[in-house]
């Protein structure tokens with residue numbers, strides 16, 4: 003059976019998507035379509051290019067914080083130029099419409115104040131735009147738009163997947179735990195997380211099934227050393243959910 007997967011953002015926590023996808027594939031499911039916001043857009047683009055979860059993990063696992071911290075740019079402390087270059091080097095298909103699996107990228111258009119769903123265009127650039135967590139990373143100009151993190155308005159884009167005709171699985175890697183943020187950075191990240199959690203609740207209404215790796219809540223979204231831990235949390239969450247998923251879909 004083919005599934006449509008909506009992959010949430012969440013920085014390093016997005017590695018958990020790879021664990022979930024591996025379990026789904028191991029149990030005989032196929033990926034029929036993918037949508038993604040932020041880190042979920044980066045992971046989703048590589049998966050839709052035909053790469054296995056293990057391939058994507060290998061590409062991403064050697065990233066360091068300095069790889070993220072490109073030169074300062076207008077509208078943010080850092081740019082994501084280096085990650086965009088890595089994406090372009092890693093992708094066989096440079097446009098969304100040429101990917102092997104149908105893919106939708108969610109971005110926030112800062113000029114229009116609205117969400118944009120892209121199913122055509124440069125996959126590397128639009129995935130980076132979807133990951134531009136302003137004001138930490140600079141927004142990305144594309145055509146007449148100024149694009150930023152898709153998670154600001156739709157952090158788990160299930161709605162664009164309904165038309166694909168497959169059961170929609172929402173995967174959210176940002177469980178809300180009790181927290182005691184200290185300092186400006188921690189408090190800002192907490193506010194962003196809570197804001198994105200609010201729009202995920204509405205996205206859940208368009209999902210046929212929902213998976214949330216609980217252990218990801220303790221992973222700092224910028225701690226690249228925790229990528230494999232997030233992957234393992236995705237494995238655990240999917241394994242514990244696979245029986246219920248099959249029953250929900252009427253499978254044995």
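In the working numbering, the protein residues as written are 3 to 254.
We treat Cβ as the ideally placed atom computed from N, Cα and C, and that holds for glycine.
Within 8 Å, do at least three Cβ pairs link the region 141-151 to the region 47-55? no
Would you mind sorting residue 4 into buried or exposed? The rule is 16 or more other CB atoms within 10 Å of its CB. Here the question's residue 4 lines up with position 2 in the chain shown. Exposed, by the Cβ-count rule.
Between the Cα of residue 43 and the Cα atoms of 60, 14, 213, which residue gives the shortest distance? By one-based count along the chain shown, residue 43 stands at place 41. Of 60, 14, 213, the residue nearest in Cα terms is 14.
Going straight from the alpha carbon of residue 78 to that of residue 136, what length do you get? For this step, residue 78 is matched to residue 76 along the chain shown. For this step, residue 136 is matched to residue 134 along the chain shown. The predicted position of residue 78 is uncertain, since its pLDDT is 49 and thus under 50; no value can be drawn from it.
Length of the line joining the Cα atoms of residue 176 and residue 100: The count along the chain shown starts at 1 and reaches residue 176 at position 174. The count along the chain shown starts at 1 and reaches residue 100 at position 98. One C-alpha to the other measures close to 30 Å.
Is the region 236-248 close to the region 198-205, with three or more CB pairs under 8 Å? no
I'd like to confirm the pairing. Which residues does DSSP put opposite residue 36 in its beta bridges? As a first step, residue 36 is located in the chain shown; it is residue number 34 there, counting from the start. DSSP lists 7, 105 as partners of residue 36.
Alpha carbon to alpha carbon, how far is residue 130 from residue 250? Residue mapping note: residue 130 aligns to position 128 of the chain shown, counting from 1. Residue mapping note: residue 250 aligns to position 248 of the chain shown, counting from 1. Cα to Cα, residue 130 sits roughly 34 Å from residue 250.
Using the three-state DSSP reduction, which class does residue 168 fall into: helix, strand or coil? On the chain shown, residue 168 is found 166 positions in, with the first residue counted as 1. Residue state, collapsed to three classes: coil.
Output the boundary residues of the beta strand (DSSP E) element that contains residue 114. Taking the first residue of the chain shown as 1, we reach residue 114 at position 112. That residue, residue 114, is in no beta strand (DSSP E); it is neither H nor E in DSSP.
Go through its chain and collect everything with a Cβ distance to residue 20's Cβ below 7 Å, but skip five positions before and after it. One-based indexing of the chain shown puts residue 20 at position 18. Taken in chain order, the residues that qualify are 45, 55, 58, 59, 233, 236.
Given a threshold of 16 other Cβ atoms within 10 Å of its Cβ, counted over all protein chains shown, does residue 253 qualify as buried or as exposed? Here residue 253 corresponds to residue number 251 of the chain shown, with the count starting at 1. Residue 253 is exposed by the Cβ-count criterion.
Closest by CA to residue 195, which one among 154, 226, 102, 122? Taking the chain shown and counting its residues from 1, the one referred to as residue 195 is at position 193. Ranking the options by Cα distance to residue 195, first place goes to 154.
The region 22-32 / the region 111-122 touching (three or more Cβ pairs under 8 Å): no
Taking only three categories from DSSP, how would you classify residue 162? As a position in the chain shown, residue 162 is number 160, starting the count at 1. It is helical.
Mark residue 246 as exposed unless 16 or more other C-beta atoms lie within 10 angstroms of its C-beta, in which case mark it buried. The residue you call residue 246 lines up with position 244 of the chain shown. Exposed: under 16 other Cβ atoms inside 10 Å.
For residue 88 versus residue 61, is the C-beta distance shorter than 9 Å? On the chain shown, residue 88 is found 86 positions in, with the first residue counted as 1. On the chain shown, residue 61 is found 59 positions in, with the first residue counted as 1. Closer than 9 Å, so yes.
Are residue 193 and residue 152 close, meaning C-beta to C-beta below 9 Å? Against the chain shown, residue 193 aligns to sequence position 191. Against the chain shown, residue 152 aligns to sequence position 150. Their beta carbons are not under 9 Å apart, which means residue 193 does not touch residue 152 by this criterion.
Nearest-angstrom Cα separation, counted from residue 41 out to residue 209: Against the chain shown, residue 209 aligns to sequence position 207. Against the chain shown, residue 41 aligns to sequence position 39. Approximately 19 Å, taken between the alpha carbons.
Relative to the C-alpha of residue 207, which candidate in 148, 98, 163, 133 has its C-alpha closest? Reading the chain shown from its first residue, position 205 is the one you call residue 207. Among 148, 98, 163, 133, the Cα nearest to that of residue 207 belongs to 163.
I believe residue 158 touches residue 174 by the beta-carbon criterion, under 8 Å. Please report the beta-carbon distance rounded to the nearest angstrom. Taking the chain shown and counting its residues from 1, the one referred to as residue 158 is at position 156. Taking the chain shown and counting its residues from 1, the one referred to as residue 174 is at position 172. Indeed they touch by this definition, with Cβ atoms about 5 Å apart.
Please list the terminal residues of the continuous beta strand (DSSP E) segment that includes residue 17. Against the chain shown, residue 17 aligns to sequence position 15. It is not in any beta strand (DSSP E) - residue 17 instead sits in the alpha helix (DSSP H) that spans 17-28.
Can you name, in chain order, every residue of its own chain whose Cβ lies under 6 Å from the Cβ of residue 47, other than the five neighbours on each side? Counted from its first residue, the chain shown places residue 47 at position 45. Cβ neighbours of residue 47 beyond the five flanking positions: 125, 129.
Buried or exposed (CB count within 10 angstroms, at least 16 for buried), residue 190: The sequence position of residue 190 within the chain shown is 188, counting from 1. Label assigned to residue 190: exposed.
Determine the closest residue to residue 10 out of 215, 228, 227, 226, with distance taken between C-alpha atoms. Here residue 10 is taken as the residue at index 8 of the chain shown, counted from 1. Nearest of 215, 228, 227, 226 to residue 10, Cα basis: 215.
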